[in-house]
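Colleague: The structure that follows is given in the form of structure tokens.
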Amino acid sequence: MSKQASKWDDLRFQNVSESGMTLEAVMNRMLRFIGQDPRCAYHFVIGTDSQVFRGYTKFVTGIVLHRPGKGAWACYRVVVLPREVLSLREKLSYETSLSQELAAYFADDLLRDMEAPLLPYVYQGASLESFIDIDAGTEPVVNKTSLYVQEMVERVEASGVFLARVKPESYAASAYANRYTKRPVKKVM
């Protein structure tokens, strides 16, 4: 872990079997997952979804390390904004920002740490692709967020590290994170 990790120490993540995980713990779990089968292709995906409740908006950012066709390891972080975010553009922008915030942490040393066990197996199909999922669709008739897709995609891809994905490919946001936005928060700060 680098010195940068200290500013992230207060972030906590959970999944179905663990809670209170630090980013360091998340990274250790992902490295262990990769170590179980370093000959595979991996998709490292970060995506955020949100749900507006009375008096607040709940944002859930999912981190998914997926072996296509062979399972995944995932966790999520909850952020509660103590107001109702009603503007679609603001909501989508904040979702994208939360995903980018976490992606920035992984962008350098940590992505290299994830790639290292795969390098001996690159010629056998091992790889690591990194994505930020944007919970928006490109079809205006189906999805009102289509107006903002290009803006969000450009924001993500300007980093040069992560590719942007939108619906229907954006499973970390629209399937994984979405699942955890539906339950109200017991105490809003």
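Numbering (this note's numbering), first residue to last: 2 to 190.
Using N, Cα and C, we set each Cβ at its ideal position, and we do this for glycine too.
For residue 50, collect the residues of the same chain with a Cβ closer than 7 angstroms to its Cβ; drop the 5 residues on either side in sequence, then sort them by chain order.
Modeller: The count along the sequence shown starts at 1 and reaches residue 50 at position 49. Here the set comprises 61, 96, 136, 174, 175, 178, 179 and 182.
Colleague: Any heavy atom of the ligand GTP within a distance shorter than 6 angstroms of the CB on residue 14?
Modeller: Summarising the ligand content, the structure contains no ligands, and the ligand GTP is consequently not present.
Colleague: Which ranges does the alpha helix (DSSP H) cover as unbroken runs of at least 4 residues, wholly within the stretch 56–120, from first to last along the chain?
Modeller: 89–107 and 110–116
Colleague: How would you write the range of the beta strand (DSSP E) that residue 49 sits in, first residue to last?
Modeller: Along the sequence shown, one-based indexing puts residue 49 at 48. Taken as a continuous stretch (DSSP letters only), the beta strand (DSSP E) holding residue 49 covers 42–54.
Colleague: Evaluate residue 128 with the Cβ neighbour count: other Cβ atoms within 10 Å of its Cβ, from every protein chain shown; 16 or more gives buried, anything less gives exposed.
Modeller: Your numbering for residue 128 matches position 127 in the sequence shown. Exposed, by the Cβ-count rule.
Colleague: Kindly indicate which residue of 160, 161 and 165 has the alpha-carbon position closest to the one of residue 150.
Modeller: Here residue 150 corresponds to residue number 149 of the sequence shown, with the count starting at 1. Taking only the C-alpha atoms, the option nearest residue 150 is 165.
Colleague: Report the residue from 67, 59 and 90 whose alpha carbon sits nearest the alpha carbon of residue 82.
Modeller: One-based indexing of the sequence shown puts residue 82 at position 81. Closest by alpha carbon: 59.
Colleague: Under DSSP, the alpha helix (DSSP H) around residue 35 begins and ends at which residues?
Modeller: One-based indexing of the sequence shown puts residue 35 at position 34. Its alpha helix (DSSP H) spans residues 24–37.
Colleague: Alpha carbon to alpha carbon, how far is residue 156 from residue 24?
Modeller: In the sequence shown, counting from the first residue as 1, residue 156 sits at position 155. In the sequence shown, counting from the first residue as 1, residue 24 sits at position 23. The straight-line gap from Cα to Cα measures roughly 24 angstroms.
Colleague: How many Å lie between residue 172 and residue 45 at the Cα?
Modeller: Stepping through the sequence shown from its first residue, residue 172 is reached at position 171. Stepping through the sequence shown from its first residue, residue 45 is reached at position 44. Going by the C-alpha atoms only, they are around 12 angstroms apart.
Colleague: Just the C-alpha distance for residue 112 and residue 120, rounded to the nearest angstrom, thanks.
Modeller: As a position in the sequence shown, residue 112 is number 111, starting the count at 1. As a position in the sequence shown, residue 120 is number 119, starting the count at 1. If you take the alpha carbons of residue 112 and residue 120, they lie about 12 angstroms apart.
Colleague: With distances taken from CA atoms, which of 40, 88, 91 and 80 is nearest residue 124?
Modeller: Here residue 124 corresponds to residue number 123 of the sequence shown, with the count starting at 1. The option with the nearest alpha carbon to residue 124 is 40.
Colleague: Residues in its own chain within less than 6 angstroms of residue 64 by CB, not counting five upstream and five downstream?
Modeller: Position 63 of the sequence shown, counted from the first residue, corresponds to residue 64. Excluding residues within five positions, the ones whose Cβ falls inside 6 angstroms are 47 and 76.
Colleague: Is residue 19 helix, strand or coil by DSSP?
Modeller: The count along the sequence shown starts at 1 and reaches residue 19 at position 18. Per DSSP, reduced to three states, the secondary structure at residue 19 is coil, with no helix or strand assignment.
Colleague: Which whole-angstrom value describes the C-beta separation of residue 34 and residue 12, a residue pair presumed to lie in contact below a C-beta threshold of 8 angstroms?
Modeller: Position 33 of the sequence shown, counted from the first residue, corresponds to residue 34. Position 11 of the sequence shown, counted from the first residue, corresponds to residue 12. The pair is not a contact, with the Cβ atoms about 19 angstroms apart (cut-off 8 angstroms).
Colleague: Distance check for residue 32 and residue 133, CA to CA, integer angstroms please.
Modeller: Here the question's residue 133 lines up with position 132 in the sequence shown. Here the question's residue 32 lines up with position 31 in the sequence shown. Each residue's Cα considered, the two are about 19 angstroms apart.
Colleague: With a threshold of 6 angstroms on Cβ separation, who are the neighbours of residue 17 within its own chain once the five nearest residues in sequence on each side are excluded?
Modeller: Position 16 of the sequence shown, counting from 1, holds the residue named residue 17. Counting only residues of its own chain and dropping the five nearest sequence neighbours on each side, residue 17 has no CB closer than 6 angstroms to any other CB.
Colleague: For residue 160, which three-state DSSP category applies?
Modeller: What you label residue 160 is simply residue 159 of the sequence shown in a count that begins at 1. In the structure shown, residue 160 sits in coil (DSSP, three-state: anything other than H, G, I, E or B).
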